[in-house]
Amino acid sequence: MKPTNVSLLLFIIVCVEYVRICYARHYPKCHLIEMEKCFDKLHQLKDSQHDPSFLLTSHDGLDKICRVLKQDFTECILAYLKKCGTPLHKELSKVISDAILEHMNKICDSNSEFRNDLLEKSPCIHEKILSQPDYQKECNNPFFTTVAWGEMKAHSKQRERSPIDYAVDAGCCAYRQWELCTMPKIRENCEIDSEDILQNVISKLLGGVTNFLCYQDIFNPESETCTSLPTFDEQIAQVNMTYADEQKFSIFSVVKMFLTRVDVTKK
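For the sequence shown, the positions run -24 to -1, 1 to 243 when mature numbering (1 follows the signal peptide of the UniProt record, and there is no 0) is used.
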């Protein structure tokens, strides 16, 4: 991956978070509702008949992912940046857009070798792992809860750090814990290179931000950063789980669209 592209993709995510949390207070035209409309577009990836990861198993599903992310979501985010960002943000928006599209091309190109490999491996990943309720309870529920806790703290008036610190620390710790929970199951139940396929899909959909932003040594589940967060039970006590489902503004919103949380309150 080109360092320039990584920097640009990190730039757009940090800018979006900063504009959303800070600028919206001062500029009426940049109200939170404007950003919410962009993230609402990701809900087109939800399917009442299937677990969301079903989209990864067919050409039609991948085409839908590409359409929603490349056209609907990205264009909406860039329009928001042009309206609410600084002159520099506006000038860079086209460069950022090009970088995002470049990273997604291997998934979106119907003739790419990567896409064909993904379609070969993804049915096992979907059927044996991602769609299973036990897996969702064990791996996905903690991810949703921790990300939601970070967003809740970012919006709190009693916060002790900047909003982006809470959002990134919680999101990256949640992601690395989800990764630690998920990947061994894929290695055990699917072909040996299926883990790499899923890692690459996430990297391409997020432009490599998970590896660049969520540095392994800092956000390892046993790291000081992650162990300093409240325990999972403490997070549950503080976060309404409905909010954990509906909250849209995390930097990991794209990942969340492919995950399903099990409602453990239902018998």
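Here a beta-carbon is modelled for each residue, glycine too, at the ideal position from N, C-alpha and C.
This one's a predicted model, so the numbers in the text were calculated from it and none came from an experiment.
Per-residue burial, residue i [other beta carbons within 10 Å of its own, 16 or more giving buried]
i: P28; result: buried
i: I41; result: buried
i: L106; result: buried
i: S204; result: exposed
i: P139; result: buried
i: R135; result: exposed
i: L32; result: buried
i: K129; result: buried
i: K97; result: buried
i: S170; result: buried
i: E127; result: buried
i: D145; result: buried
i: H102; result: buried
i: I162; result: buried
i: I53; result: buried
Spatial neighbours of residue i in its chain, beta-carbon cut-off 6 angstroms, leaving aside the 5 residues before and after
i: Y3; result: Low local confidence applies: a pLDDT of 48 at Y3 is under 50, so the model's placement there is unreliable, with the coordinate-based value given in what follows. Nothing listed; no residue qualifies.
i: K104; result: N165
Proximity below 7 angstroms, CB of residue i to CB of residue j
i: L94; j: I173; result: yes
i: C190; j: C157; result: no
i: K17; j: H79; result: no
i: Q112; j: V231; result: no
i: E10; j: Y56; result: yes
i: L21; j: V44; result: yes
Other residues of its chain near residue i: CB distance less than 7 angstroms, five sequence neighbours each side excluded
i: residue 256; result: Absent from the structure is residue 256, since the part of the chain shown begins at -24 and ends at 243.
i: A213; result: none
i: D209; result: none
Same chain, Cβ closer than 8 angstroms to residue i, five either side skipped, listed in chain order
i: D85; result: R91
i: I83; result: L38, I41, C42, F90, R91, L94, V177, K180 and L181
i: P206; result: W125 and Q214
Is it the case that the stretch 175 to 193 contacts the stretch 106 to 121, given that we only count it when at least three CB pairs across the two stretches are under 8 angstroms?
no
Report yes or no: do three or more beta-carbon pairs, one from the stretch 187 to 198 and one from the stretch 152 to 161, lie closer than 8 angstroms?
yes
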